[in-house]
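Each remark here refers to the structure printed beneath this line.
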Amino acid sequence: MKKRILSLALAAMMLVTLFTACSSASSSAPAASSAPASSGSASTSEATSGGMDTSPITISIMNRVPAEYIVENNHVLDEIERITGVRLEVTAPPIANYTDRMQLAMASGDIPDIIYTWEMDANYEKFANDGLIMPLDKEKLAQYPNLQANLNQDQWNRALVGGMDGEYYAIPRANAQSRWAVIVNQKWLDTLGVEMPTTPDELYEVAKLIATEDPDGNGKNDTFLYSPTGLWSDCWLIFSFLPFSLQHRPAYLPDPYDGEYKIKEKMTGYFPYLDFVRKLYTEGLMDPEWFTNNYYDDRTKFEQERVGFCHNGSGSEVGYITTFPDALERFKTYPALLTEGYDKPRNEIAASTWGGFMINADVDDYKLDRILSFIDWANSPEGFELFMLGVEGEDYTSYDIENRSVVRTDEQVEHQTNYISGYMTFAAALDGLPATLGSTPELAEITKNIYDEFDAAVDTINIPSLKIPEIDNWAGENPDIASKKEELEVSYVCGKISREEYEDFLNNTYFPSIADAEKIYIDTMNAYAAENS
């Protein structure tokens, strides 16, 4: 128990800022699974588990799930228990403050057996270094076939602590390959008589029309181009200037204009990007309240038709069918804007994970084995289908895993959000694809066609999944400078300070502070590039 003695210093650190990404949900297709596809629940434990221990056991978990999701008397969780013997005791804080609640639990020492982390970030590494979560032996993990089949090495690398030679402290949740796009109110473009812009200059002209020509027809100039949840959330716009990266962290990709590795603030397109957003803001072309947005506020405003563009994945218009029956006519997804000098838009994808599952450092060997076996089963076709689709006959009528299409009655559609959630799963994708590509076989086919068109239209660039602690952890170790930099960056975009004032901070405070980490990053990436050229 010594490893869990917590100091007041830990409690003081529990609200370290999380840095938002294009969804940390990043992207690269997992390795293909050799396990056979199944449909529906098997009738015996042995048939479903490959001989895993299915004796009764309770495993506690803290997970990030929607408010609509019912934990008690959930027939899907009951079926999972019938098959595996595992009764999941779920603590489900609201999504909006999940991170705060997770950090409170870690600081208090009242830690569930499994803890979901949204990011494998500096907080995650601190939990590991403080002995609160368990290191996972690589040889032991190799004994679990579904985990090995559904997670490739790049995905596992995201869970490393201590650099590339470190240990895993979480099991990544596989996510679908990302196709970073922008969803657009196509009716607005049609009303305005314009095509989808492909460059920042064209986007600026469309933004002026959206703000002044009343595309929603309500007689007011109250519509805007977009409402980001931060300066670094909208890949579709960022990609036209510089590679995407988290706040204070490098892109792990070279500058697209000169091929050199740099931190973001020294990229050729850094100030052109800030200047472009500054122009949109100062001219009233983007939502003036963007900097107060919380996560998903951008989508809410898009759905309310207050903005015309919103960061989302290719094919996301199909998902709006339930709330907008005319979604396929009303909305459309497009690739990112074109980078100057390039023939195709960029689609930068990292190892496709959606957070991961940490294990309490104090679980005994028996419970650890049961946890690993259970998560392995959840990454099998049967476990994946049950978590993602529910119980055949009750939550859906039939399922075709090859085409990722499901058939549901109206009644099944109505109640599924209460008992099934992509958040309440240990694998959000199998073989790189989500459980469904649409709510009907017809919509699944439409989504597949959209994916194919998108893939043909873009240059897909894989982001190396490396861990360089010196640069990755810099912001957590320098919170005052990091916070000040974020504040001044937003102040510059909002026209509150001049470029000279912001550059003075960068040159005299930010760059000197990050210089050592920057050098290690650049040296490491140059060596990586030489080895992989």
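For the sequence shown, this note's numbering gives the first residue as -2, with consecutive numbering after it.
In this text, a Cβ means the ideal position worked out from N, Cα and C, and glycines have one as well.
Check the DSSP bridge columns for residue i and list the partner residues they point to.
i, result
"Y317", "Bridge partners of Y317: none, in fact."
"L430", "L427"
"S57", "E86"
"F354", "Y113 and I168"
"E192", "Note: E192 sits in no beta bridge, so no partner."
"D456", "R343"
"E389", "Y393"
"A348", "Beta-bridge pairing links A348 to no other residue."
"I180", "C307 and T330"
"V403", "Y396"
"L157", "Y165"
"F371", "Answer by DSSP bridge pairing: none, since F371 is not bridged."
"F538", "A query on residue 538 cannot be resolved here, the shown segment of the chain reaching from -2 to 530 and no further."
What residue from the options has the CA that sits closest to residue i's CA?
i, options, result
"Y416", "S52, D75, P132 and I56", "D75"
"K276", "G216, V487, K482 and A454", "V487"
"Y267", "R296, E280, L228 and T297", "L228"
"A475", "D118, I511 and G310", "The question names Ala, yet the displayed sequence has Asn at residue 475. Answer by Cα proximity: I511."
"Q409", "Y396, C232, A524 and G390", "G390"
"A167", "D134, N147 and C491", "D134"
"P225", "W233, A358 and N218", "W233"
"C470", "T81, P247, L206 and A178", "Before going further, note that residue 470 is Asn rather than Cys in the sequence given. Among T81, P247, L206 and A178, the Cα nearest to that of N470 is on P247."
"Y165", "N215, E122 and T319", "E122"
"D366", "I346, K261, A139 and N71", "A139"
"N126", "W153, A358 and K482", "A358"
"V315", "T444, A527, I465 and S530", "T444"
"G582", "N154, V203 and K261", "It is not possible to answer for residue 582, since the shown part of the chain is limited to -2 through 530."
"E382", "T433, L335 and L334", "T433"
"L85", "Q145, L325 and P53", "P53"
"D540", "F241, N218, D272 and L250", "An answer regarding residue 540 cannot be provided, because it is not within the stretch -2 to 530 covered by the chain."
"F124", "M355, I478, P378 and D392", "M355"
"G435", "L325, D373, L503 and P269", "L325"
"Y113", "L239, P466, I58 and P253", "I58"
"G214", "K137, K184, T196 and D501", "K184"
"T297", "Q150, N147 and Y317", "Y317"
"Y507", "G380, G216, F241 and A472", "A472"
"M117", "Q152, A102 and A146", "Q152"
"P509", "K263, D323 and Y201", "K263"
"A543", "N71, Y249 and D198", "Residue 543 cannot be examined here, being either before or after the span of the chain that is shown, -2 to 530."
"E500", "D361, L271, I517 and L282", "L271"
"I56", "D110, D50, M99 and M103", "D110"
"M49", "S377, K481 and D211", "S377"
"L243", "E280, K329, M193 and A119", "A119"
"N505", "K516, I478, I494 and I517", "I478"
"H412", "L430, S402, I398 and G387", "G387"
"L148", "V274, L430, V404 and L503", "L430"
If contacts are defined as beta-carbon pairs under 8 Å, then residue i and residue j qualify, I think. What distance do you get, rounded to the angstrom?
i, j, result
"A424", "R170", "6 Å"
"K341", "V455", "6 Å"
"S462", "A348", "4 Å"
"N278", "G106", "Sequence inspection shows Tyr at residue 278; the Asn mentioned does not correspond to that position. Contact flag wrong, Cβ pair sits at about 45 Å."
"G305", "L427", "Between L427 and G305 the Cβ distance is about 35 Å, and since that is not below 8 Å, they are no contact."
"A514", "I468", "4 Å"
"L129", "I372", "Not really, about 19 Å apart at Cβ, beyond 8 Å."
"T196", "I207", "That pair is no contact at about 16 Å."
"T394", "I465", "With a Cβ gap of about 49 Å, T394 and I465 do not count as contacting."
"T414", "E65", "5 Å"
"P253", "P240", "7 Å"
"T350", "N172", "6 Å"
"L101", "S237", "That pair is no contact at about 40 Å."
"Y331", "V181", "6 Å"
Quick check: is the beta carbon of residue i nearer than 8 Å to any beta carbon in chain D?
i, result
"S230", "Annotation note: the requested chain D is absent from the structure, which comprises a single protein chain."
Pair every Cβ in the region 417 to 426 with every Cβ in the region 293 to 304, then say whether three or more of these pairs are closer than 8 Å. Between the region 417 to 426 and the region 293 to 304, the count of Cβ pairs shorter than 8 Å is below three; the stretches do not touch.
Any contact of the region 86 to 93 with the region 438 to 450, i.e. 3+ C-beta pairs under 8 Å? Contact between the region 86 to 93 and the region 438 to 450 is absent, with fewer than three C-beta pairs closer than 8 Å.
Mind pulling the alpha helix (DSSP H) runs of 4 or more residues that sit fully within the region 274 to 326? Inside the region 274 to 326, DSSP marks whole alpha helix (DSSP H) runs of 4 or more residues at positions 294 to 300, from first to last along the chain.
Output the residue ranges of the beta strand (DSSP E) runs that lie fully inside the region 79 to 143 and measure 3 residues or longer, sorted by chain position. If you keep only unbroken beta strand (DSSP E) runs of at least 3 residues inside the region 79 to 143, you get 83 to 88 and 111 to 114.
Three or more C-beta pairs under 8 Å: does that hold for the region 284 to 300 against the region 244 to 258? At 8 Å Cβ cutoff, the stretches do not touch.
Pairing CB atoms from the region 183 to 195 with CB atoms from the region 441 to 460, are three or more of them under 8 Å? The region 183 to 195 vs the region 441 to 460: no contact.
Is the region 309 to 325 in contact with the region 148 to 167, if contact means three or more CB pairs nearer than 8 Å? By the Cβ rule, the region 309 to 325 does not count as touching the region 148 to 167, because fewer than three pairs are nearer than 8 Å.
Which whole runs of the beta strand (DSSP E) in the region 447 to 496 are 3 residues long or more, in chain order? DSSP runs (the beta strand (DSSP E)) wholly in the region 447 to 496: 456 to 459.
Segment contact flag, the region 324 to 344 with the region 170 to 181, C-beta cutoff 8 Å, min 3 pairs: Between the region 324 to 344 and the region 170 to 181 there are three or more inter-stretch CB-CB distances shorter than 8 Å, so the stretches are counted as touching.
Taking only runs of the alpha helix (DSSP H) that begin and end inside the region 492 to 526, which ones reach a length of at least 4 residues, in chain order? Those alpha helix (DSSP H) runs which fall completely within the region 492 to 526 and span 4+ residues are 496 to 502.
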